[in-house]
Amino acid sequence: MKWGLHLKFWILVTLVLILAVPAIVSVQDGLDRISREVDMTRTVFGDDMTDSIVDRAKSVYGTAFVKSGFIADLNKTHFSQDDYRKAHALSGALKHVGAISNSYFGSMVINLYGMMIRLFIVWHWLAFVGPFLIACVVDGYMTRAKKLAEFAYQNPSAFSLAAHVLLWIIFFPIMYLVAPIPVTPLFVPIWALVMALPVAVLLSNSQRIFGS
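So our numbering is basically just the index in the sequence shown, starting at one, shifted up by 7.
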């Protein structure tokens, strides 16, 4: 599968999850998940950094979804008590649909807020995993340069395997953002460690046309 197709696949999966998760995760479950993740974040980063992450998430969430009018538009779909009474007078089924609608959009709002917190957790980790991944890239290129200088064997099988593995691993952070279960903030450095090996193998076994 080519990179372009892989990217489209993961974008599609992300959109499907964003729309599907609110249908299977209640508002209370969403709140419980966020609360557990914040507690896990405090364990890893401490109170001050966690409070900073949560505050920035609230700020961006407020700007992107509240001030933009997105939440207000969602509230237009919310069934009020008067709507429930009218629906019950017409049909019990309509009342049930109203309850499902309220639960779905309420859960979507909670999930969007949870995504903001996870996004800032990833952003915080970049200062640490970024240099590590850059070092892996440099190491891969240096190993490749040494192989070319010594006319050593460039393993096409290792290159192909590393490329296919990397195609999946590189998009895991997207799944992290939308996962409907509590995930430790240590996911990010673990992901970076897992990705380091295929990156180094890919670059060290790339052919001359891949780079200088």
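All C-beta atoms, glycine included, are put in the ideal place defined by N, C-alpha and C.
Residue i versus the options, residue with shortest Cα-Cα distance
i    : options                   : result
Y183 : V206, L210 and G121       : G121
V190 : L210, V51, G76 and S33    : V51
A156 : L19, Q214 and I41         : Q214
I176 : L38, P196 and V67         : P196
A27  : G76, S110, S167 and G137  : S110
F166 : L14, L204, I25 and V73    : L204
N153 : I128, S211, G76 and I25   : Inspection of the sequence shows that residue 153 is occupied by Lys rather than by Asn. Answer by Cα proximity: S211.
A142 : I188, F16, M202 and V23   : M202
D39  : F158, I117, L133 and P180 : I117
Boundaries of the alpha helix (DSSP H) in which residue i is found, first to last residue
i    : result
K65  : D54 to Y68
S33  : Element bounds for S33: n/a, residue is neither H nor E.
A170 : P163 to I176
F72  : Premise fails: F72 is in no alpha helix (DSSP H) and is neither H nor E.
I181 : F179 to V185
Residue j beta carbon less than 7 Å from that of residue i
i    : j    : result
D119 : A170 : With the sequence shown as reference, residue 119 is identified as Leu, and Asp is not the correct amino acid for it. Taking 7 Å as the Cβ cut-off, L119 and A170 do not qualify as a contacting pair.
A186 : F139 : no
G147 : A207 : yes
M115 : P192 : no
T57  : R63  : no
I60  : F135 : no
Under the three-state DSSP convention, the category residue i falls into
i    : result
F194 : helix
F135 : helix
P189 : coil
S114 : helix
F158 : coil
F86  : In this prediction, F86 scores a pLDDT of 47, lower than 50, which makes its location untrustworthy; the coordinate-derived value is nonetheless stated afterwards. DSSP places F86 in coil when its eight states are reduced to three.
S211 : helix
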